[in-house]
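*Asks:* I am attaching a structure below and will ask some questions about it afterwards.
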Amino acid sequence: MPQFCIFCNQELDVDNKSTEHIIPKCMGGNLTSDSIICRKCNNTFGTEFDESLIERYSLIVHPIRLFNPNLKIKDTEVELHGLKYILTAEGIKLKDPYQNDATKGFSGMVFPSEESLKRQLERMKKKDLTIDIQKTIQAAKREKYEVTEHFDFEIKAINDQVYRCCGKISYEFLHYICSDYKSSSDLFIKFVLGDLEPTDFPICIWYNDFNPLPDEEESIFHTIVIEGRKDDKILIGYLNVFNCLPSLMILDSNYTGPTFSRGYYQDLVGNTHSFFTPSTSIPLSRDKVVNLIKDFNPIEVIDKYSEKLFDTLDKSRLYPIQRELRHFIDTLPPRVDPTDTDSLARIYEAMAGILEKYGLSLKIIQPQIKEVDENSDHITYLSNITYIIDLLLFYFLRSRVNFEIFETLSKIIQ
């Protein structure tokens, strides 16, 4: 039986069919299909949507993919103090060489890698044959530099491309679970393809009164639910990407199929995904869905969206910290003797190291840290290091580290 692109209706064959990420790859999506859209539509969506998505959500995905090899997304360029960096699967890397103006009048060049230095020397050698590339590389000073500051993040408004991409995800998922679905009109396709005016978009980008899954405090989810109502003659799509953009849309306003509800979730942190049947229906009548979309004003939800987005950014930022803390806790005994200075010192150094590694400033307690002198008498040293550990515990708690981790660590050392 021939298959056709759900957007342009072109027949799919060996030459033009395409493997489509239903949730875009740049968002960490891993649900794919090779039988719903053609290569041309796939390429068009990538060109039109990816840049807008990366601008808004790359800083959410990056910390998670450091520990999840299945999140294969493009490297992202960011900036700090005028220097450009690349967020890669291996970590943060300097993008380009730059001139380092040090004190005492010395000026040099800093290169992101030996390969970058070699390319520069090869260019220079074309003008100066006396340059010895290998000796210059061997003489170069190598330093490991860790970025411990936070990159600037600007909340960008939800633009038409993001609206349409939400529609694309939901419409593709509908055809993924209902391969024989036939729409009563081409209105939703026109919306996804950009052939509708924004005032006619069949979507409300903020509907936060439906939660098909129990909350997971530390997890970051993509969630899709498609609900068909035979009696109401309506097909509704619910989509929540990164836990921060819960949208509701009318996929078909003259639906004639059976009543059903199907869902899919992808846990980006836990690296799991599954189809599910929602335990509850979207709690809106047909008229309320229609009116919600008709009356939706994006300006009214900016604050709510910003709050949710920052909450998700916090979860992502804290994920590596909490991961390292859990691994460290696993190496500790159930209880540490409060007079065991060696164990307390190890705990103190590990906690301070994790905080500093991820850019959480310790300036406020630096004077107290300096007082921890291993050469002081036992009582003084024990008192100082216990005090510092209490301060570090406070820092973790203030930084919104999962309370369960904080409580476990507290029990071990108190």
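Residue numbers (our numbering): 40 to 453. Glycine included, C-beta positions come from ideal geometry on N, C-alpha and C.
Among residues of its own chain, excluding the 5 on either side of residue 175, which ones have a beta-carbon nearer than 7 Å to its beta-carbon?
*Replies:* Correct list, in chain order: 160.
*Asks:* Just curious, the alpha helix (DSSP H) that residue 470 is in, first and last residue?
*Replies:* Only positions 40 to 453 of the chain appear in the structure, and residue 470 is not among them; the question remains open.
*Asks:* Within the region 309 to 368, note down every full beta strand (DSSP E) run reaching 3 residues or more, in order along the chain.
*Replies:* Fully enclosed beta strand (DSSP E) runs of 3 or longer: 311 to 315.
*Asks:* Can you have a look at residue 267 and say buried or exposed, based on whether 16 or more other CB atoms are within 10 angstroms of its CB?
*Replies:* Residue 267 comes out buried.
*Asks:* Would you give the residue range spanned by the alpha helix (DSSP H) that residue 284 belongs to?
*Replies:* Residue 284 -> not in any alpha helix (DSSP H); beta strand (DSSP E) instead, spanning 284 to 291.
*Asks:* What residue range is occupied by the uninterrupted alpha helix (DSSP H) comprising residue 231?
*Replies:* Segment 226 to 232, the alpha helix (DSSP H) holding residue 231.
*Asks:* Residue 55 by DSSP, collapsed to three states: which one?
*Replies:* In this structure, residue 55 counts as coil in the three-state DSSP scheme.
*Asks:* Tell me where the alpha helix (DSSP H) around residue 385 begins and ends.
*Replies:* Here the alpha helix (DSSP H) through residue 385 covers 380 to 396.
*Asks:* Please report the Cβ distance between residue 276 and residue 265, rounded to the nearest whole angstrom; I am assuming they are in contact, meaning their Cβ atoms lie under 8 Å.
*Replies:* Correct: roughly 6 Å between the Cβ atoms.
*Asks:* Let me know if residue 122 comes out buried or exposed under the rule of 16 or more other beta-carbons within 10 Å of its beta-carbon.
*Replies:* Classification of residue 122: exposed, given that the 10 Å Cβ count is below 16.
*Asks:* From residue 346 to residue 340, what distance separates their C-alpha atoms?
*Replies:* Approximately 10 Å, taken between the alpha carbons.
*Asks:* Which whole-angstrom value is the C-beta distance of residue 80 and residue 106, which I expect to be below 8 Å?
*Replies:* The pair is not a contact, with the Cβ atoms about 33 Å apart (cut-off 8 Å).
*Asks:* For the beta strand (DSSP E) holding residue 264, just list the boundary residues, first then last.
*Replies:* Its beta strand (DSSP E) spans residues 260 to 268.
*Asks:* Report buried or exposed for residue 361, applying the criterion of at least 16 other Cβ atoms within 10 angstroms of its Cβ.
*Replies:* Flag for residue 361 reads buried.
*Asks:* Who are the near neighbours of residue 211 in its chain, counting only those whose CB is closer than 6 Å to its CB and skipping five residues on each side?
*Replies:* Same-chain partners within the cutoff: 61 and 75.
*Asks:* With DSSP as the reference, label residue 115 as helix, strand or coil.
*Replies:* Three-state DSSP puts residue 115 in a strand.
*Asks:* Quick one: Cα of residue 390 to Cα of residue 208, how far?
*Replies:* The alpha-carbon atoms of residue 390 and residue 208 are separated by roughly 41 Å.
*Asks:* With respect to the alpha helix (DSSP H) encompassing residue 202, which residues constitute its N-terminal and C-terminal limits?
*Replies:* Unbroken alpha helix (DSSP H) run through residue 202: 199 to 216.
*Asks:* Where do the N-terminal and C-terminal ends of the beta strand (DSSP E) with residue 301 fall, by residue?
*Replies:* 299 to 306 is the span of the beta strand (DSSP E), which, as asked, contains residue 301.
*Asks:* Do residue 77 and residue 91 count as a contact pair if the criterion is CB distance below 9 Å?
*Replies:* No, the Cβ-Cβ distance between residue 91 and residue 77 is not below 9 Å.
*Asks:* Terminal residues of the continuous beta strand (DSSP E) containing residue 296?
*Replies:* It is not in any beta strand (DSSP E) - residue 296 carries neither H nor E in the DSSP assignment.
*Asks:* Anyone know if the C-beta pair for residue 124 and residue 132 falls short of 9 Å?
*Replies:* Yes, they are a contact pair.
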